[in-house]
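Q:
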Amino acid sequence: MTGRRGVNAFLDFLTGELAPMVEARFGLSAQRRSLFGHSLGGLFVLRTVLNRPSAFAAYAAASPSLWFDDRALLRARDAARLPQAVRLMIAVGALEQSPAQAARPGEDGIGERAMVANARVVADCLRDPAGAGPDIRVHVFEDENHASVVPVALGRALPFLLAHPRAAR
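In my numbering, the protein residues as written are 911 to 1079.
1) Count the other CB atoms within 10 Å of the CB of Gln1007; is the residue buried (16 or more) or exposed (fewer)?
2) Could you pull out every residue in the same chain whose Cβ sits closer than 7 Å to the Cβ of Arg942, ignoring the five residues on either side in sequence?
3) Short of 6 Å in beta carbon distance, which residues of its chain neighbour Leu992, apart from the five on each side in sequence? Order them along the chain.
4) Quick check for students: name the residue ranges of the beta strand (DSSP E) that lie wholly in the stretch 937–1016, counting only runs of 3 or more.
5) Tell me whether Ser939 is buried or exposed, calling it buried when 16 or more other Cβ atoms sit within 10 Å of its Cβ.
6) Assign Asp1053 to one of three DSSP states: helix, strand, or coil.
7) Which of the three DSSP states is assigned to Arg852 in this structure?
8) Report the three-state DSSP secondary structure of Asp1034 (helix, strand or coil).
9) Exposed or buried, His1074, counting other C-beta atoms within 10 Å across all chains shown (16 or more means buried)?
10) Please go through the same chain and pick out, in chain order, the residues whose beta-carbon is closer than 7 Å to the beta-carbon of Arg957, but skip the five residues on each side of it.
11) What is the rounded straight-line gap between the Cα of Ala934 and the Cα of Asp922?
12) Going by beta carbon distance, what residues of the same chain come within less than 6 Å of Pro974, once the five residues before and after it are set aside?
13) Indicate whether Asn1028 and Leu976 have their beta-carbon atoms separated by less than 7 Å.
14) Considering only residues of the same chain and omitting the five flanking positions on each side of Ala929, which have a CB-CB separation below 8 Å?
15) Roughly how many angstroms lie between the CA atoms of Arg1047 and Ile1000, to the nearest whole one?
Structure, rendered in structure tokens:
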């Protein structure tokens, strides 16, 4: 599997084969499906929420590699409008971005992998300016880097992912 076709094929496998099999075997509800990913897996989570927001009830992206593919996802998010029922958590480690990048997140060449700034940019673009849109949360964990943030982010993500979806407004 390569490129976007590989991403779509993997998502089709998750939603069309694996999740239904696990749900049937363990008596789980399809309405409570959640997706967590780290790094390139976090990028997969964000691509999924942008392209198929109803595929899962909740999403968590830890240290999403937003710089990948020449920042294609950062460009695509401008056109995205998520359903208000979407729940998304984005987590990054504060040590994933240098102080110079934090001071000048939009400056060319400085922020290619500006993980903290990029996570905030994506979240801000996906939020409804009126505040009535999806539940989007960003967590920046102090003293954590790209590797050490995984268990911390997962610990914060599990209650978020497993919480009952909010009632439709």
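Every residue gets a Cβ at the ideal spot worked out from N, C-alpha and C, and that includes glycine.
A: Put simply:
1) Walking along the sequence shown from the start, residue 1007 turns up at place 97. When all chains shown are included, Gln1007 counts as buried.
2) Counting from 1 along the sequence shown, the entry for residue 942 is found at position 32. Cβ neighbours of Arg942 beyond the five flanking positions: Ala967.
3) Along the sequence shown, read from residue 1 onward, the residue named residue 992 stands at position 82. Excluding residues within five positions, the ones whose Cβ falls inside 6 Å are Pro963, Leu1036, Pro1044.
4) Runs of the beta strand (DSSP E) lying entirely within the stretch 937–1016, each at least 3 residues long, are 944–948, 968–972, 997–1003 in chain order.
5) In the sequence shown, the residue the question calls residue 939 occupies position 29. Classification for Ser939: exposed.
6) Residue numbering aside, residue 1053 sits at position 143 when the sequence shown is read from its first letter. It is coil, neither helix nor strand.
7) It is not possible to answer for residue 852, since the shown part of the chain is limited to 911 through 1079.
8) Along the sequence shown, one-based indexing puts residue 1034 at 124. Residue state, collapsed to three classes: helix.
9) Numbered from 1 along the sequence shown, position 164 holds the residue referred to as residue 1074. By the neighbour-count criterion, in which 16 or more other beta carbons inside 10 Å mark a residue as buried, His1074 falls on the exposed side.
10) Within the sequence shown, numbered from 1, the residue matching residue 957 stands at position 47. Here the set comprises Val917, Leu983.
11) Taking the sequence shown and counting its residues from 1, one reaches residue 934 at position 24. Taking the sequence shown and counting its residues from 1, one reaches residue 922 at position 12. It is roughly 17 Å from the alpha-carbon of Ala934 to the alpha-carbon of Asp922.
12) Here the question's residue 974 lines up with position 64 in the sequence shown. So the qualifying residues of the chain are Gly952, Leu953, Leu956.
13) To locate residue 1028, count along the sequence shown from 1; it is residue 118. To locate residue 976, count along the sequence shown from 1; it is residue 66. Yes, Cβ-Cβ distance for Asn1028 and Leu976 is below 7 Å.
14) Against the sequence shown, residue 929 aligns to sequence position 19. Excluding residues within five positions, the ones whose Cβ falls inside 8 Å are Ala940, Arg943.
15) Position 137 of the sequence shown holds residue 1047. Position 90 of the sequence shown holds residue 1000. Straight-line spacing of the CA atoms in Arg1047 and Ile1000 works out to 6 Å.
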